[in-house]
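Residue numbers (the numbering used here), protein chains in the order written: chain H, 1 to 301; chain W, 302 to 577; chain R, 578 to 867. Even for Gly, the Cβ is constructed at its ideal location relative to N, Cα and C.
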Amino acid sequence: MAHNTLQKPVLTIRDLRLAFGDRRHPTPVLHGISMHIRPGEKVALVGESGSGKSVTARLAMGLLQDQKRVHVSGSIFFDGIDAARGGAEIARRRGNRVAMIFQDPTSALNPTFKIRGQFRDVLRSGDRSISNDEADRRAEAALAEVSIPDPKRALDSYAFQLSGGMNQRVMIAMALANRPQLLIADEPGTALDVTVQAQTLNLMHELTEKTGTSVLLISHNLGVVREFADRVYVIYRGRIVEHGTTAQLFNDPRHPYTRALLAAIPKISGGGLPDLPERSPEFENPLIVHEGCGEPTEAFA
Amino acid sequence: MTGNAPILELDRLGKVFSADGHSVAALDDVSLAFRRGECHAIVGESGSGKTTLANLVLGLIGATSGEIRFDGATLGRSRTREQKRAIQLVQQNPLSALNPRRSVGASIRLPLDVHDLGRRSERDARVASLLKEVGLEPEHARRSPRGLSGGQRQRIAIARALACEPELLVLDEPTSALDVLVQARVLQLLQRLRQERGLTYLFITHDLAVVRAIADRVSVFQKGRLVETGPVEAIFSDPKSAYTRELIGAIPVVTEAEAALRAAIRAGAPVPAGAE
Amino acid sequence: MSEPGSPVLASRTRSKAWTAYSADPLSVIGLVIVVAIVGLAIFAPFVTPYPDHVGPTGDFAAMNAAPSADFWFGTDVIGRDLFTRIIYGYRLSLIMAIVVLAIATPIGVIVGLVAGYKGGWTDYILMRITDVFLAVPPLVLAMAIMGFLEPTLLNGMLAITAMWWPWYARLIYNVTRAEAQEGYVLAAETVGASTAHILFREILPNCWPSILTKMTLDIGFVILMASSLSFLGLGVQPPTPDLGSMVADGAKYMPDAWWLTVFPAIAILLVVLGFNLVGDGLREAFEAES
């Protein structure tokens, strides 16, 4: 899917740095990340645990900056503001201009409220004046969009009454209900069965194509990334090490870390287990950017 | 590599759970034989019964119908010392599997103390050699598990499982919680240990790609029933059941060649031998 | 031996624990208060000006004297130095609290461990018994028990112990239920470890933070409970100096001889506050550790 590369990016992260702990001895987690997502694009941030991919997502939502002992520098340009500063600006946009879905759908939904109530809250965040009836109507339509067989019954249920797969669909429906500019998906479907996860990702793909929503996919699973994303950033220990389109990255992986990741995945065709190091100094090699994939240099607000 | 008599046999095994008037058949009429020295994968999604199967083999729960036989002898809920020693477990979650308030060495030593193996003075030396065998330093024995990575903890859990020289290891998604590179290393370790010690693995996983890489035979479960079983190459080149094809079709792949192969298997088209 | 930590590792965790504990200045203040009180209590015979005023003596010349250079906190109705009696009162209270907790805690912990791990009927019976004790307001329960016993120091301690253990049972029951789900318990079970091993060598070590924190907080509360009982005349009897009794006795002379009530009351407040702050600090330190 070709995207207009001249369009202003929906999200621009520039030299983002993050450290935890007290001022004198902070523990650095991100060492200057730069990324961007254009309208309608699906961009993946791939890394293992401890790489910093999840905290990047949370910073983009403004969920980390305001906590104690968190030190952030750099910028996250979104919807005319710098989300890296945290505060009310990004908080206002959460749920309506930028939405997030999580790894375990059942635990991400509030167990003490029915789906109906949670949907109303989400829709209200996009339009304060919406009536209960109008909200319910839109909720039903949203649930039908994600192929939930009996939307009315689903709305009257609690999260624990629905299956994991259904809850994932509910979460996607809620996230896209206000037609956000950006959807951040943090390891979606990892807690679900493989077949359900595949369906979920297809659904996300279809819907975001339809609504023109950009997606930031956080994942450790390269197979999932290959089937979903347009462009990929590989992150290792707080640094982006390779950046390219999906085709470029998977057909011609250049960074030693990316190549190790790809080689480590067991193949259906057989061939047993490869001999790979868990760590190597080569993984710290500098960033490799594939052709046509630089970061935008335009100035922002 | 495999002996004649099966080391573990499931004979029309069934397990029904009842709560509040509902009954669920977690396992239904399962008959399966495990050969000595093989790595036998048990594959299924949630609700397939694979966890129930593991719990039955480990003796954590009792069967409602049918029988389990280990080395020819019936395996009930109450077991002999020998039977307990011979079947050990490696769990999915390495963070939870080690007691944070006991040293690594104390955790590995536990089976030796429980089964009174070797002289007490020699047990620490055993712990040190086990740590080396799983690729860790003997110094780790004095440390607490806190601050150790998932991969390191899983290696320690494996060392603990091997401490009392078991014959059968039940591995319940042993690498699912690990990073990709770490998973590859731990799978290699498991492969090597099995070959060196002549162990039999009951390897539970949802990841068919892992099955392809490490298992000799595979059994596919769905909703408590055994759907298909056989050598790994056969199941992958010509899966008989639609469910198996569906599972294979859902494996995430990373190359065009893999994607083509997956599509072919999914469609039931014949696959050329030795496809690489 | 394969026991926790090399020396280097141990000292690093110790200083990390102190950093976490001292992060809150209130915790440090609490520690200072506690150390001061305990110090005074231990060295009571040496730091008090009139150690013999603890016993059956009187100095009727100096009765109800206001605080002065001779008698820092004044004297009571039979001329005994209040400061001395308060320090000895601390001594008594601390000993009481330690003895009560030394008995109540093991009982409660064992009940909680067994009920939490075993489940089923054992759980049901043990926890219902616990619930019965917990349902009655603490002071009322202590008073009820004292109703059957003669009012002496020992009986007072017995009563408090009897109503105190269920709190530990409930706490440890909850911790045990959570820990029993953890992988290391399953591992010990499949290895074939005995129930005793699992309860005392696997689960109990994970209960220590909760136990120690609660015991520290409880010292203050046991002292408060004991003071309440003796205020009501149900605990310690004269001439043994007890803070609660002193508050009760002095109440009659308010507001003229205000020092008779105010100083013992402040003393109670200080010891409860001190141990509370230390307990809170311990909780923070344990949370930071995990």
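Query, Result
"Three-way DSSP call (helix, strand, coil) for W/I343 in this model", "strand"
"Min CB distance H/E278 to chain W below 8 Å", "yes"
"Backbone secondary structure at H/D303 - three-state DSSP", "Residue 303 of chain H falls outside the range modelled here, since chain H spans only 1 to 301, and no answer is possible."
"Buried or exposed by the 16-neighbour rule on C-beta atoms within 10 Å, applied to R/L726", "exposed"
"Closer than 7 Å at the beta carbon, the chain W residues around R/P622", "Within chain W, no residue comes near R/P622; the closest Cβ sits about 41 Å away, beyond 7 Å."
"C-beta contact flag for R/L703 and R/A692 at 8 Å", "yes"
"Bridge partners - R/L776, DSSP secondary structure assignment", "According to DSSP, which records beta bridges pairwise, R/L776 is partnered with nothing at all."
"Residue from R/P818, R/V654, R/F840, R/A825 with nearest C-alpha to R/G632", "R/P818"
"Contact list for W/L390 against chain R, beta-carbon separation under 8 Å", "L763, A764, T767"
"Environment of R/I672 [buried if 16+ CB atoms lie within 10 Å]", "exposed"
"According to DSSP, residues forming a beta bridge with H/Y158", "H/K114"
"Run of the alpha helix (DSSP H) containing H/S54, from where it starts to where it stops", "53-60"
"CB contact below 8 Å: H/R226 versus chain W", "yes"
"Residues in the region 45-56 of chain H having any Cβ partner in chain W nearer than 8 Å", "E48, S49"
"Proximal residues of chain H, C-beta to C-beta of W/G452 below 9 Å", "E278"
"C-alpha gap between R/L794 and W/P412, whole angstroms", "38 Å"
"Same chain only: Cβ atoms within 7 Å of H/P9, ignoring 5 sequence neighbours per side", "H36, I37, R38, P296"
"Inter-stretch contact (C-beta, 8 Å, three-pair minimum) for the region 828-842 of chain R and the region 634-653 of chain R", "yes"
"Per-residue DSSP class, three states only, for W/A320", "strand"
"Cβ shell of R/I663 (< 8 Å), same chain only, five flanking positions each side left out", "F650, P818, L820, M823, F840, P841, A844"
"Cβ shell of R/I722 (< 8 Å), same chain only, five flanking positions each side left out", "L735, A736, A739, M740"
"Residue nearest to H/I115 in terms of C-alpha spacing, selected from H/T190, H/A99, H/A135, H/R85", "H/A135"
"Classification of W/K316 by the beta-carbon crowding that lies within 10 angstroms, buried from 16 upward", "buried"
"Beta carbon proximity, H/A60 to chain W, threshold 8 Å", "no"
"Cβ distance (whole Å) where W/V358 is taken to contact W/L503 below 8 Å", "6 Å"
"The beta strand (DSSP E) enclosing H/K42, as first and last residue numbers", "42-46"
"is_contact[R/N751, chain W] using C-beta, thresh 8 Å", "no"
"For H/A301, the three-state DSSP class (helix, strand or coil)", "Because the pLDDT of H/A301 is 47, which lies under 50, any placement of that residue in the model is unreliable, and the question is left without a value."
"Check whether W/G377 and W/A306 have beta carbons under 8 Å apart", "no"
"Chain-order list of residues whose beta-carbon lies under 7 Å from that of W/K433 (same chain, five-residue window excluded)", "P439"
"Closer than 8 Å to chain W by CB, R/E779", "yes"
"Where R/G760 meets chain W, residues with beta-carbon distance less than 7 Å", "Q392, N394, S397, A398"
"Range covered by the alpha helix (DSSP H) that runs through R/A739", "730-756"
"C-beta neighbour in chain W for H/T195, strict 8 Å", "yes"
"Euclidean distance between Cα positions of H/M166 and W/L463", "41 Å"
"Other residues of its chain near R/A865: CB distance less than 7 Å, five sequence neighbours each side excluded", "A597"
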